[in-house]
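So the protein lines, in turn, are chains A, B, C and D. So for the first sequence, our numbering puts the first residue at 1; every next one is plus one. So for the second sequence, our numbering puts the first residue at 1001; every next one is plus one. So for the third sequence, our numbering puts the first residue at 2001; every next one is plus one. So for the fourth sequence, our numbering puts the first residue at 3001; every next one is plus one. Yeah, the Cβ is synthetic: ideal placement off N, Cα and C, and Gly gets one too. All values derive from a computational prediction rather than experimental measurement. Just below is one structure, and these are the notes that go with it.
Protein chains: 4
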Amino acid sequence: MTSRGDANPAANPSDDGHPEFKFSSHTSFEDLRAKVHTFAEERDWDQYHTPRNLLLAMVGEVGELSEIFQWKGEVKSGIPDWSEKDKVHLGQELSDVLIYLIRLAQKCHIDLPAAALDKIALNALKYPADRVKGSNKKYSEYEGEEEKR
Amino acid sequence: MTSRGDANPAANPSDDGHPEFKFSSHTSFEDLRAKVHTFAEERDWDQYHTPRNLLLAMVGEVGELSEIFQWKGEVKSGIPDWSEKDKVHLGQELSDVLIYLIRLAQKCHIDLPAAALDKIALNALKYPADRVKGSNKKYSEYEGEEEKR
Amino acid sequence: MTSRGDANPAANPSDDGHPEFKFSSHTSFEDLRAKVHTFAEERDWDQYHTPRNLLLAMVGEVGELSEIFQWKGEVKSGIPDWSEKDKVHLGQELSDVLIYLIRLAQKCHIDLPAAALDKIALNALKYPADRVKGSNKKYSEYEGEEEKR
Amino acid sequence: MTSRGDANPAANPSDDGHPEFKFSSHTSFEDLRAKVHTFAEERDWDQYHTPRNLLLAMVGEVGELSEIFQWKGEVKSGIPDWSEKDKVHLGQELSDVLIYLIRLAQKCHIDLPAAALDKIALNALKYPADRVKGSNKKYSEYEGEEEKR
């Protein structure tokens, strides 16, 4: 079942006791953007895809994603005790958020993968590993600053 | 300015009069997942990255993204009249949503790019181009169904 | 139709050309909190109403509310051109957000109406009418500050 | 500290071991709507308060509310171990969501308290206490149906 990617666990163990989970590595952001763009063009839906329409559509999908988690209490990394059906549903809702996010970026002419790499580099300067490592307290404080960003 | 990607406009004109905007094509979802994972590991932040913590962090970033658009009224495709500063800020908030979305998918062992390709294929069956093309009314009805999904 | 309250327009005209729209004045926040609490108690649902469960449920309802507005482009004050059915649906989704917000406040022991009055007083100090009146620019700047709050 | 309302605990014990927490009972929805309306009128801000602007502003505040909960893991009813400062901050963010929700309802001419009472009555028909009481499984199923609403 491609949506789970259980077929490609990596060798090195991660924090949550599982081997580090990886994505199938062949798909690029541009591949997905192009597919979504073609999908909309073929249906003449570009006319509805204004930035704020897409943003609200994404908020709608974030709501559907939240509904999956809303009554579950804390959820374990790797969601080991979820049914196959629930995992597929989760994959679909995560995908709907991603599809509208990518579409919104295109419609705003933002090069999303490049912007994300820039942001990670910026965060690395903002939260130097040697300063923030470990401490919940430091982390919270740093998050506190980030909220004010 | 990498975040805008104005350096790579494509040849074919799109619906909004601009040439089709494309992403820099070299970055894969797995590339970004690995970078985000390494960033968290180096800071010992995996311990805070439970599925519901990450979901709420993503909702927080969706809020910051919405704040950019909240007082603007309708916004044109390509945001031609936004300042460079505002475009960079938009790229950063879109990136923050993406980073937490990818992190959430990893922590739930969902192969996000594969799930997204599955979802687009599913949507293609659900909204056949020849049936839905054009009509706002049809579109709304289909969206209506989608809301019930 | 109680959800629209068109039966109680006030005398003085407001900015949007309509008389100022008012709510039916007899319901207090405590009235609604008590009804929602009784509803949950009768169904033994308190056990599911932890703060983060309620927050995610509220985010889910915000998503459903956004779905109503997502493909509409700009919407006129008073939504004069919406169908009765759509207005009722909107009233239901606004209510779902309110119900979970009130429930979340109760479960966090926050006196929501008192907190809201405090917040309005705080905002009045923060945005003195004589300083901010009118100017879009000032407004944006002040909002800018507010985003940083 | 009005925002906490610890001054008015009720006699009967509630599910979470505390006496049932109540709101200060004198404030009505119409009281708050009128205060928010006057606040905006005095600043000539009505011009920015279109339905979709207000919806996005509310989503922004929902994001700030989520940021308070994002790194906390599960949170106890009554948030007994939160600092006074954090409780006040929580009261402010809950209030910001409420203020924009009420403003959005006014601008859409939805009588929010009446709509909420209608919705609770509708939910009572949809989830009869004797049918849904207790069982997590039933609850989830009913929620499942509700998600499809």
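- Quick one: which chain A residues come within Cβ less than 7 Å of R3052 (chain D)? R52
- Item | Where the beta strand (DSSP E) containing P1019 (chain B) begins and where it ends | 1019-1021
- Under 9 Å from the C-beta of G1073 (chain B): neighbouring residues of chain C: E2074
- Task: Can you have a look at S2083 (chain C) and say buried or exposed, based on whether 16 or more other CB atoms are within 10 angstroms of its CB?
- Result: exposed
- Message: Need the endpoints of the alpha helix (DSSP H) that R2043 (chain C) sits in, please.
- Response: Per DSSP, R2043 (chain C) belongs to no alpha helix (DSSP H) and is neither H nor E.
- Message: For chain C, check one thing: does any of its Cβ atoms lie closer than 7 Å to the Cβ of V1059 (chain B)?
- Response: yes
- Item | Helix, strand or coil at S3028 (chain D) [DSSP, three-state] | strand
- Query: Of all Cβ atoms in chain B, is any one closer than 7 Å to the Cβ of Q3070 (chain D)?
  - Reply: yes
- Task: Tell me, please, whether the CB atom of E2041 (chain C) is closer than 7 Å to any CB atom in chain A?
- Result: no
- Query: Measuring CB to CB, does W191 (chain A) end up less than 7 Å from Y2100 (chain C)?
  - Reply: Residue 191 (chain A) falls outside the range modelled here, since chain A spans only 1 to 149, and no answer is possible.
- Task: Please classify T3038 (chain D): is it buried, with 16 or more other beta-carbons within 10 angstroms of its beta-carbon, or exposed?
- Result: exposed
- Task: Output yes if chain D places a C-beta closer than 7 Å to the C-beta of Y1100 (chain B); else output no.
- Result: no
- Message: For chain C, check one thing: does any of its Cβ atoms lie closer than 7 Å to the Cβ of E93 (chain A)?
- Response: no
- Message: Between L1090 (chain B) and chain C, is any beta-carbon pair separated by less than 7 Å?
- Response: no
- Three-state class that DSSP yields for I1068 (chain B) in the structure shown: helix
- Reduced DSSP category for E3061 (chain D) - H, G, I as helix; E, B as strand; rest coil: helix
- Task: Can you tell me which of the three DSSP states T3050 (chain D) falls into?
- Result: coil
- Consider the Cβ of G2078 (chain C): report whether some Cβ of chain A lies at a distance smaller than 7 Å. no
- For the candidate residues C:G2073, C:R2103, C:P2019, C:L2125, whose alpha-carbon lies nearest to that of A2034 (chain C)? C:R2103
- Task: Give a yes or no on whether the C-beta atoms belonging to E1061 (chain B) and D1096 (chain B) are separated by under 7 Å.
- Result: yes
- Message: Quick check on I2102 (chain C): does DSSP put it in helix, strand or coil?
- Response: helix
- Query: Can you name the residues of chain B whose CB is closer than 7 Å to the CB of Y3048 (chain D)?
  - Reply: W1071
- Task: Using the Cα positions of K1085 (chain B) and F1023 (chain B), report the straight-line distance between them to the nearest angstrom.
- Result: 20 Å
- Item | Proximity winner among A:G73, A:C108, A:A57, relative to D1081 (chain B) (alpha-carbon distances) | A:C108
- From the beta carbon of L56 (chain A), is the nearest beta carbon of chain C less than 7 Å away? yes
- Query: If L90 (chain A) sits next to I1110 (chain B), beta carbons under 8 Å apart, how far is it from one beta carbon to the other, in whole angstroms?
  - Reply: 6 Å
- Query: Nearest chain C C-beta to E84 (chain A) closer than 7 Å, yes or no?
  - Reply: no
- Message: Our contact map puts A116 (chain A) next to L1032 (chain B) with C-beta atoms below 8 Å; I'd like the distance itself, whole angstroms only.
- Response: 6 Å
- Message: Since E2074 (chain C) and E1074 (chain B) should fall inside the 8 Å C-beta cutoff, what is the C-beta to C-beta distance between them, to a whole number of angstroms?
- Response: 5 Å
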